[in-house]
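Residue numbers (my numbering): 211 to 489.
For every residue, glycine included, the Cβ atom is placed at its ideal position computed from N, Cα and C.
Here's the structure we're looking at; comments come further down.
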């Protein structure tokens, strides 16, 4: 039995234009989207088939993803760009919310409870929650007076609401966190000891247990940053969404500080009790 050391590093990206660019560049690196002529010799092109990606609850080879699929992943993880015509969408959401409330009252007065309940469900989504398309599809199937006009009203309200819901109120909040977990080459730990899937599942299980309120967007295991005859240096990158699924706030950084402080207090308590008992 021998002791080894692991390497861990994390980077927090906010939604400012500078940080968005850095996050996109990092994702391009992790997804192996950088052209060979543009990159330094960080990885061996002959070994790219060794890389894995975990996303949507499944593990697959990174090389099996097309360029467009990788681009979709990049855009879904990186901070969103600033909302165009933000004021127009804010006015639309405010104006059509008033119209929606009046429409609900009208439907209730006519005894159309099902329509009124579905419309009321739209108002149950707070400003940071995304309204699914399925709700509008249900309303389209129901009979109602002035249906075309009402559906158009709902479409405008939902579109503006959803665009604004993805906008971060404080651009300096952590939008997404990237973490790197690695056992350096010097310790000689190959994938025959810790396989590539383990670099993914260990990180996934840790994040799911300690930060269950935050979505894991993707975990990528690289095993191409080595010499052809080597089997060491495998490592994983994770991308953790900064938005709390329970309250809609971008409070990942604060949550991690609270978790660390709680752990430190627990350790100090154990040390205090241990010293007291041994005295």
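Mind checking who residue i pairs with in its DSSP beta bridge?
i, result
"residue 264", "269, 429"
"residue 400", "442"
"residue 388", "221, 449"
Return the residue from the list the options that minimises the CA-CA distance to residue i.
i, options, result
"residue 254", "465, 444, 456", "444"
"residue 289", "256, 233, 238, 283", "233"
"residue 426", "264, 308, 471, 213", "264"
"residue 448", "434, 461, 418", "418"
"residue 213", "367, 231, 393, 371", "393"
"residue 297", "442, 374, 390, 468", "374"
"residue 312", "295, 330, 302, 387", "330"
"residue 456", "437, 478, 424, 433", "424"
"residue 215", "274, 391, 386, 294", "391"
"residue 221", "283, 406, 385", "385"
"residue 259", "441, 407, 272", "272"
"residue 320", "344, 328, 354, 308", "354"
"residue 399", "441, 382, 370", "441"
Given that a residue counts as buried once 16 or more other Cβ atoms are within 10 Å of its Cβ, and exposed if not, what is residue i?
i, result
"residue 452", "buried"
"residue 218", "exposed"
"residue 223", "buried"
"residue 261", "buried"
"residue 229", "buried"
"residue 246", "Summary for residue 246: the model assigns pLDDT 48, below 50, so the residue's position carries little reliability; its value from the coordinates is reported in the next sentence. The residue in question, residue 246, is exposed, as its Cβ has fewer than 16 Cβ neighbours within 10 Å."
"residue 403", "exposed"
"residue 360", "buried"
"residue 368", "buried"
"residue 211", "exposed"
"residue 461", "buried"
"residue 433", "buried"
"residue 413", "buried"
"residue 299", "buried"
Between which two residues does the beta strand (DSSP E) holding residue i run?
i, result
"residue 222", "217 to 223"
"residue 315", "No beta strand (DSSP E) contains residue 315, which is instead part of the alpha helix (DSSP H) from 296 to 319."
Within a Cβ cutoff of 6 angstroms, which residues of the same chain sit near residue i, ignoring the five residues on either side of it in sequence?
i, result
"residue 317", "325, 326"
"residue 280", "241, 243"
"residue 352", "325"
"residue 389", "220, 448"
How would you write the range of the alpha helix (DSSP H) that residue i sits in, first residue to last?
i, result
"residue 347", "343 to 350"
"residue 335", "No alpha helix (DSSP H) holds residue 335; DSSP gives it neither H nor E."
"residue 353", "Note, residue 353: premise wrong, no alpha helix (DSSP H); not H, not E."
"residue 238", "227 to 240"
"residue 393", "That residue, residue 393, is in no alpha helix (DSSP H); it is neither H nor E in DSSP."
"residue 407", "406 to 420"
"residue 257", "Careful: residue 257 lies outside any alpha helix (DSSP H) and carries neither H nor E."
Who are the near neighbours of residue i in its chain, counting only those whose CB is closer than 7 angstroms to its CB and skipping five residues on each side?
i, result
"residue 372", "340, 341"
"residue 469", "420"
"residue 410", "262, 264, 269, 429, 431, 446"
"residue 477", "none"
"residue 366", "302, 306"
"residue 256", "438"
"residue 287", "237, 386, 427, 428, 449"
So, at 8 angstroms on beta carbons, what are the nonlocal neighbours of residue i in its own chain, with the 5 sequence-adjacent residues on each side left out?
i, result
"residue 248", "With a pLDDT of 49 at residue 248, under the threshold of 50, the predicted position of this residue should be treated as unreliable, though the coordinate-derived value follows. Cβ within range, chain order: n/a, list empty."
Between residue i and the ligand NAD, is there a pair consisting of the residue's CB and a ligand heavy atom that are separated by less than 6 angstroms?
i, result
"residue 295", "This structure simply doesn't include the ligand NAD, nor any ligand for that matter."
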